[in-house]
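Chains as they are written, first to last, in the working numbering: chain A, 179 to 530; chain B, 20 to 361.
Here a beta-carbon is modelled for each residue, glycine too, at the ideal position from N, C-alpha and C.
As the structure is a computational prediction, the values presented were derived from the model and not from experiment.
First the structure, in the form of structure tokens, and then the observations on it.
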């Protein structure tokens with residue numbers, strides 16, 4: 179198991195390396211530079227800017243510099259937050275006036291006073307919170323629906339549950355978003371139509387400081403809009419796997435030895451039927467985190483999402499790189515976690 | 020002790036067999052299962068209506084999609100006020116527009132009808148591209164196996180780590196700006212002029228194709244692996260059939276069912292991808308109407324003119340419903356064992 183985790187982690191790094199390489203090549207092959215403007219800047223200024231951001235170096239040099247900045251930690255005497263050049267996502271104080279800094283994604287060319295690290299620190303937690311809440315919605319709505327439909331197959335409950343599930347997959351966030359805004363925000367005026375209820379700094383770097391009514395009110399519509407589609411996937415999967423499990427021999431055995439139906443369902447059937455659901459949580463969470471950026475546009479949430487599109491049109495290379503790598507990291511880490519949990523849940527699976 | 024009922028039941032078996040022996044191909048069987056599924060039939064009928072709507076858009080639509088009457092901007096028809104009473108008082112009324120007009124005075128209904136063209140084109144071309152690339156890739160990988168298989172599948176694994184929507188966005192930005200002013204006569208010039216003629220759809224197709232083939236490749240490879248060692252493939256080898264022949268005549272026909280089902284179920288995803296892209300402004304070129312772009316425009320004014328976002332949203336939802344119903348039905352019909360697994 180340990181060997182499996184180590185091997186997968188190494189594979190994960192390789193994947194991220196390839197993703198960063200491909201992104202680097204793609205972003206630099208898009209014509210135009212970050213300092214192109216309607217009214218062209220004098221060549222001297224562009225040269226100076228290029229020199230300042232190391233854009234005058236050759237592409238391989240730039241790529242190696244990027245890798246070095248992100249991967250290699252270094253000790254610095256500049257306090258965090260005081261320099262755009264010497265900044266990092268993780269800052270640890272080792273002794274008086276000396277900091278160990280790790281992961282520097284570089285400055286943002288578009289907003290000259292911020293770095294990608296600032297964006298990651300301030301905006302990413304919002305997207306992550308939205309993603310987690312959407313996943314919660316997906317689980318809380320999806321699993322009971324699936325279990326209900328699976329246990330009462332071919333009854334009204336089943337049809338109702340699966341009807342809701344088809345509704346969920348067919349109504350994407352760009353449809354549900356405006357509809358929810360119009361119903362609950364504009365007509366009923368129950369919920370705020372834009373904004374987010376948490377501001378930096380965050381607890382542990384990503385949790386909102388307090389889960390108050392204000393936060394919930396802001397979070398409820400975007401989470402539902404984003405999570406409903408995934409809840410449908412979970413409901414269908416739960417139902418299908420439950421249907422399969424209740425036909426297994428060990429369920430018959432459990433019934434035959436006189437166990438109460440409740441115990442049969444809860445202890446024997448449910449536990450086993452949840453395995454496929456766990457395996458899909460990884461990709462699902464990754465999809466939700468990626469999906470947050472459309473949700474953020476609709477509900478005006480100041481998350482990571484808007485940077486993704488604007489950075490590409492601005493040729494803001496460090497921000498493009500940072501956002502793509504972050505989302506890719508979410509994807510591979512989520513898949514790794516799922517594989518490990520999978521092995522732990524199902525002793526029949528052994529990775530060698 | 021055998022009862023009369025037992026005999027009756029036993030007696031009914033030969034009759035079933037006889038029916039089955041009437042020479043039904045599995046396709047006829049599947050078709051029958053499909054048409055007996057009410058939801059699938061509704062989905063199918065809706066898809067046909069949508070296709071007709073897209074094909075005959077110029078005949079059905081009261082106006083063209085790009086006709087602007089600036090003085091009529093944000094006009095709403097009278098009936099809408101009873102549905103959206105909040106608009107009373109400020110909304111300019113004009114019964115010339117059945118569903119209202121948008122912010123530059125274009126007829127919403129006409130744009131929704133024309134918008135079906137983009138969504139449906141994606142719904143049919145998306146699976147085509149992803150099938151073509153994915154099935155070729157997957158069957159080569161699965162058929163030849165060994166190191167080649169390992170390498171090809173590792174590549175797919177890496178591609179999987181790309182957040183696909185974000186990758187498409189990066190690709191779209193790349194296409195839109197790289198091929199914006201190409202040299203006449205070059206390949207990119209041909210591409211971009213074709214794209215312009217298609218209202219920006221070509222690049223959407225390429226973007227969707229670039230990400231959608233991976234799932235297909237994995238599925239095909241798995242299926243090929245499962246039939247590769249079957250006796251009939253061995254027999255074909257024995258009589259000296261070439262690799263290409265074995266692949267196209269013996270392997271592909273036997274694995275096509277699950278592939279078609281997977282593609283049908285993926286259609287809503289393609290439609291959604293296009294809508295997302297148009298929503299964030301990287302999809303079709305204006306003024307080509309796309310439901311995603313219309314929802315985006317409408318969302319800006321959802322507080323004052325909810326009709327501008329809600330009607331295209333409803334159109335998109337109905338289309339998604341139709342393809343989901345049809346896909347589920349096809350899956351149940353082609354492979355009853357898979358019932359309810361997706």
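Cβ distance (whole Å) where residue 94/B is taken to contact residue 120/B below 8 Å
As a working mapping, residue 94/B is identified with position 75 in the second chain. As a working mapping, residue 120/B is identified with position 101 in the second chain. Between residue 120/B and residue 94/B the Cβ distance is about 4 Å, and since that is below 8 Å, they are a contact.
Chain-ordered neighbours of residue 311/B on chain A, where CB pairs are closer than 7 Å:
Stepping through the second chain from its first residue, residue 311/B is reached at position 292. Using a Cβ-Cβ cut-off of 7 Å, residue 311/B is close to 352 of chain A, given in chain order.
To be precise: take each residue of the stretch 353-387 of chain A, compare its Cβ to all Cβ atoms of chain B, and keep it if any distance is under 7 Å. Which residues remain?
Of all residues in the stretch 353-387 of chain A, 353, 356, 357, 359, 360, 364 and 365 have a Cβ within less than 7 Å of some Cβ in chain B.
Cβ of residue 36/B less than 8 Å from any chain A Cβ?
Counted from its first residue, the second chain places residue 36/B at position 17. Unreliable placement is indicated for residue 36/B, whose pLDDT of 49 sits below 50; the coordinate value is still reported in the next sentence. It does not; no Cβ of chain A falls within 8 Å.
If you measure between the beta carbons of residue 495/A and residue 212/A, is that distance less than 8 Å?
The residue you call residue 495/A lines up with position 317 of the first chain. The residue you call residue 212/A lines up with position 34 of the first chain. With a cutoff of 8 Å on beta-carbon distance, residue 495/A and residue 212/A are scored as near each other.
Measuring only between beta-carbons, confirm whether residue 67/B sits less than 8 Å from chain A.
As a working mapping, residue 67/B is identified with position 48 in the second chain. Judged by the 8 Å Cβ criterion, residue 67/B is not in contact with chain A.
Under 8 Å between the Cβ atoms of residue 345/B and residue 110/B?
Here residue 345/B corresponds to residue number 326 of the second chain, with the count starting at 1. Here residue 110/B corresponds to residue number 91 of the second chain, with the count starting at 1. Contact flag unset, no.
Rounded C-alpha distance that separates residue 262/B from residue 237/B:
Your numbering for residue 262/B matches position 243 in the second chain. Your numbering for residue 237/B matches position 218 in the second chain. Pairing residue 262/B with residue 237/B, the inter-Cα distance amounts to about 20 Å.
Going along the chain, which residues of its own chain have a beta-carbon closer than 8 Å to the beta-carbon of residue 247/B, five neighbours each way excluded?
Looking up residue 247/B in the second chain gives position 228. Apart from sequence neighbours up to five positions away, the residues of its chain that approach residue 247/B with a beta-carbon distance below 8 Å are 161, 162, 164 and 270, ordered along the chain.
Residues of chain A with CB under 9 Å from residue 317/B, in chain order?
Working through the second chain from its first residue, we reach residue 317/B at position 298. Neighbours of residue 317/B on chain A, chain order: 356.
For residue 281/B, the three-state DSSP class (helix, strand or coil)
To locate residue 281/B, count along the second chain from 1; it is residue 262. It is helical.
Taking residue 468/A as the query, report the chain B residues whose CB atoms sit under 7 Å from its CB, ordered along the chain.
The residue given as residue 468/A occupies position 290 in the first chain. Result: 182, 184 and 185.
Given 8 Å as the limit, is there contact between the stretch 319-326 of chain A and the stretch 495-514 of chain A, that is, 3 or more CB pairs closer than that?
Three or more Cβ pairs closer than 8 Å define a contact, and the stretch 319-326 of chain A falls short of that threshold against the stretch 495-514 of chain A.
Which residue from 137/B, 87/B, 140/B and 133/B puts its Cα closest to that of residue 125/B?
For the purposes of this step, residue 125/B is identified with residue 106 of the second chain, where counting begins at 1. Nearest option by C-alpha distance: 87/B.
Which residue or residues does DSSP assign as beta-bridge partners of residue 201/A?
Walking along the first chain from the start, residue 201/A turns up at place 23. BP columns for residue 201/A are empty, so no partner.
Could you give the DSSP three-state label for residue 181/B: helix, strand or coil?
The residue you call residue 181/B lines up with position 162 of the second chain. In this structure, residue 181/B counts as coil in the three-state DSSP scheme.
Let me see if you follow: with CB-CB separation under 8 Å, is residue 506/A close to chain B or not?
Residue mapping note: residue 506/A aligns to position 328 of the first chain, counting from 1. Answer yes: the Cβ-Cβ gap between residue 506/A and chain B drops below 8 Å somewhere.
Could you tell me which uninterrupted alpha helix (DSSP H) segments, each at least 4 residues in length, are contained entirely in the stretch 218-250 of chain B, listed from first to last along the chain?
Counting only runs of 4 or more, we get 220-247.
Of the residues that make up the stretch 334-357 of chain B, which ones have a beta carbon closer than 8 Å to any beta carbon in chain A?
Of all residues in the stretch 334-357 of chain B, 335, 336, 339, 340, 343, 344 and 347 have a Cβ within less than 8 Å of some Cβ in chain A.
Between which two residues does the alpha helix (DSSP H) holding residue 222/A run?
One-based indexing of the first chain puts residue 222/A at position 44. In the DSSP assignment, residue 222/A falls within the unbroken alpha helix (DSSP H) covering 221-230.
For residue 476/A, collect the residues of the same chain with a Cβ closer than 6 Å to its Cβ; drop the 5 residues on either side in sequence, then sort them by chain order.
Taking the first residue of the first chain as 1, we reach residue 476/A at position 298. Answer for residue 476/A: 355, listed in chain order.
Rounded straight-line distance, which links the Cα of residue 122/B to that of residue 415/A
The count along the first chain starts at 1 and reaches residue 415/A at position 237. The count along the second chain starts at 1 and reaches residue 122/B at position 103. Straight-line Cα distance between these residues: approximately 43 Å.
Counting beta carbon pairs with one atom in the stretch 303-318 of chain A and one in the stretch 377-393 of chain A, are three or more of them shorter than 8 Å?
Enough Cβ pairs lie closer than 8 Å, so yes.
How would you write the range of the alpha helix (DSSP H) that residue 474/A sits in, first residue to last?
If you number the first chain from 1, residue 474/A lands on position 296. Note, residue 474/A: alpha helix (DSSP H), 449-477.
Please report whether the beta-carbon of residue 486/A lies at a distance below 8 Å from any beta-carbon of chain B.
The residue given as residue 486/A occupies position 308 in the first chain. With 8 Å as the cut-off, residue 486/A counts as an interface residue toward chain B.
I believe residue 230/A touches residue 514/A by the beta-carbon criterion, under 8 Å. Please report the beta-carbon distance rounded to the nearest angstrom.
As a first step, residue 230/A is located in the first chain; it is residue number 52 there, counting from the start. As a first step, residue 514/A is located in the first chain; it is residue number 336 there, counting from the start. With a beta-carbon spacing of about 38 Å, residue 230/A and residue 514/A fall beyond the 8 Å limit used to define contacts.
Span of the beta strand (DSSP E), counted from its first residue to its last, around residue 277/A
Position 99 of the first chain holds residue 277/A. Judged by DSSP secondary structure, residue 277/A falls within the beta strand (DSSP E) whose first and last residues are 276-280.
Over the uninterrupted beta strand (DSSP E) stretch that includes residue 270/A, give me the two end residues.
Indexing the first chain from 1 puts residue 270/A at position 92. Its beta strand (DSSP E) spans residues 268-273.
Give the C-beta separation of residue 337/B and residue 328/B to the nearest angstrom, bearing in mind that I take them to be a contact with Cβ-Cβ under 8 Å.
Along the second chain, one-based indexing puts residue 337/B at 318. Along the second chain, one-based indexing puts residue 328/B at 309. Residue 337/B to residue 328/B, Cβ: 15 Å. No contact.
CB residue 328/A to CB residue 420/A, shorter than 8 Å?
Working through the first chain from its first residue, we reach residue 328/A at position 150. Working through the first chain from its first residue, we reach residue 420/A at position 242. Going by C-beta atoms, residue 328/A is nearer than 8 Å to residue 420/A.
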